[in-house]
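Working notes, beginning with the structure itself.
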Amino acid sequence: MTEPHRRGVLARWAEVLPLTPQTPRITLGEGETPLVRSVAIERELGLDELWFKLESSNPTGSFKDRGMVVAVAKAIERGSKAVLCASTGNTSASAAAYAAHCGIEASILVPEGRVAAGKLAQAVAFGARIVEVEGSFDDALRLALEVVETQPIALVNSVNPDRIEGQKTAAYEICETLTDAPDALAIPVGNAGNITAYWKGFVECAALDYASLHPRMLGFQAAGAAPIVQGAPVENPQTVATAIRIGKPASWKTAEQARDESGGLIEAVTDEEILDAYRLLASKEGLFVEPASAASVAGLRKLNRAGALQGGRIVAVLTGSGLKDPETAKEHNAIDVVRAPATLEGVQRALGV
Ligand SMILES: *Cc1c(COP(=O)(O)O)cnc(C)c1O
Numbered sequence: 032m033t034e035p036h037r038r039g040v041l042a043r044w045a046e047v048l049p050l051t052p053q054t055p056r057i058t059l060g061e062g063e064t065p066l067v068r069s070v071a072i073e074r075e076l077g078l079d080e081l082w083f084k085l086e087s088s089n090p091t092g093s094f095k096d097r098g099m100v101v102a103v104a105k106a107i108e109r110g111s112k113a114v115l116c117a118s119t120g121n122t123s124a125s126a127a128a129y130a131a132h133c134g135i136e137a138s139i140l141v142p143e144g145r146v147a148a149g150k151l152a153q154a155v156a157f158g159a160r161i162v163e164v165e166g167s168f169d170d171a172l173r174l175a176l177e178v179v180e181t182q183p184i185a186l187v188n189s190v191n192p193d194r195i196e197g198q199k200t201a202a203y204e205i206c207e208t209l210t211d212a213p214d215a216l217a218i219p220v221g222n223a224g225n226i227t228a229y230w231k232g233f234v235e236c237a238a239l240d241y242a243s244l245h246p247r248m249l250g251f252q253a254a255g256a257a258p259i260v261q262g263a264p265v266e267n268p269q270t271v272a273t274a275i276r277i278g279k280p281a282s283w284k285t286a287e288q289a290r291d292e293s294g295g296l297i298e299a300v301t302d303e304e305i306l307d308a309y310r311l312l313a314s315k316e317g318l319f320v321e322p323a324s325a326a327s328v329a330g331l332r333k334l335n336r337a338g339a340l341q342g343g344r345i346v347a348v349l350t351g352s353g354l355k356d357p358e359t360a361k362e363h364n365a366i367d368v369v370r371a372p373a374t375l376e377g378v379q380r381a382l383g384v
C-alpha cells in the first residue's frame, strides 16, 4: 500500500503538532511542497547547492496554509464559529479558504490600497467578510487584536502560536528531503512569523536527530520596510513586495533570536534588487513567484556581490505564487507581443521562421 500523496500538514506531522483527539483533521492538501534544485542562480552565486522550497505550491498559493490549517482546526476545537485576521493578502486568502472548507465565517482586515489583485480575488471567492481599513497593515493588526478581546472570534494572525507550529513543518520537510538541515536558509521577513517558525522547526529537528546541524538564518526585509534592520519601527512602509510591507513586525523579538542563535543575519534589499531577482527566477529558473518571495534570492545575490556569501548548501524559501500579483508582472516585465493576421504567412512572419 502506498501512502496517499499530500496527506496534509495535520496528518503528516501530527507527532510534532499540538493536536488532541478532538482536533478536527481538516486539510486542503497543504504541505509536502517541492524542493527544487536551482539550474542557473546556483551557478551565478558559485554555491555548492541551492534549492528552492516552493511554498507557492500550497492550496492557496502561499506558505500561510501550513499555519492556517492548524490555527483553524484548533479554533474549531475550542468552539469558535468565526476567525479574524489582519492581512497584506495571503493570510486572508488562506483564512478564507479554510473557513469556507469548515463552514465557519472569516473576516479580514486589509490595509487600504496595494493588496495584490489575486489575493483579494481569493478572499472574495471564498466568501470572506472584507474590511478595508483606512490605514496600514500595522493599524489593521492592532485593531484585530482589540476586536478579539471582546468577541468570541479566533485571531489567526501569526501572533497565534498555532500558526507558528504549522509553519515550522516546512523545516521538517527540508530536513527530510535533504536528509539533513542545509547550511543556510534564505527567507523574506515581513511580520517575522515565518523566520520564527522555521528556526523553531530546525531547532526541533536537531534535537530529534533529524538533522546534524542548525542552518544560519538569512532573513531579508525590503529596504522601504526594514524595521528590524534599522532597529526601529517604520511609520509608513513602502515596497513593491506587498507581502512584506510591514513596519512593526509582531514577531520582531523571535526573529532577532533566530538570527542571533543561528549566527545568521537580517538585511535589507531594495525594490530594484527584488525585481531583478523576481525576473531572474522566472526567466532563468522557470519559477514565477510574487515579489516578496524574490527577496530571499535578492538577498543571496546581494551577499554574494559583497563577498559575504558563505558556500555550502542553501535553501531559499519561495513563499508565494507570482499569479497573486498580475499587476506587478505586467508593470515590471518588458511585454513583447507581436500581432499577426490569422494566416500561416502572417504567423510565420511574426515568428521569424
Ligand atoms: C506572509 C508572507 C511573507 C512574510 O512572512 P512573515 O511571516 O510575515 O515574515 C513573505 N512572503 C509571502 C508571499 C507572504 O505571504
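Its first residue numbered 32, the sequence shown is counted upward by one per residue in the numbering used here.
Every residue gets a Cβ at the ideal spot worked out from N, C-alpha and C, and that includes glycine.
Linking glycine 351 to serine 87 through their CA atoms gives a straight-line distance of about 4 Å.
Within the same chain, Cβ atoms closer than 6 Å to the Cβ of alanine 185 are found at Ala106, Ser111, Val114, the five residues on either side in sequence being excluded.
By DSSP's assignment, glutamate 80 forms a beta bridge with Arg344. About 5 Å separates the beta carbon of lysine 95 from that of threonine 122, a gap short enough to meet the 8 Å contact definition. A contact between stretches requires three or more CB pairs, one per stretch, nearer than 8 Å, and the region 325 to 341 meets this requirement with the region 68 to 78.
If one requires a minimum length of 4 residues, the alpha helix (DSSP H) runs lying completely within the region 212 to 279 are 224 to 238, 258 to 261, in chain order.
Inclusion of serine 189 in the 7 Å shell around ligand 1 follows from its C-beta lying nearer than that to a non-hydrogen atom of the ligand.
Taking the CA atoms as reference points, serine 327 sits about 34 Å from valine 369. Around the beta-carbon of threonine 270, 16 or more other beta-carbon atoms lie within 10 Å, marking it buried.
Judged by the Cβ position, asparagine 222 qualifies as a neighbour of ligand 1 at the 7 Å threshold, a heavy atom of the ligand being closer than this. Residue environment analysis places glutamate 61 among the buried positions, since at least 16 neighbouring C-beta atoms fall within 10 angstroms of its C-beta. By the Cβ-count criterion, glycine 134 is exposed, with fewer than 16 other Cβ atoms from all chains shown falling within 10 Å of its own Cβ. Secondary structure of proline 372 (DSSP, three-state): coil. Our two residues, valine 300 and phenylalanine 251, have alpha carbons roughly 7 Å apart in a direct line.
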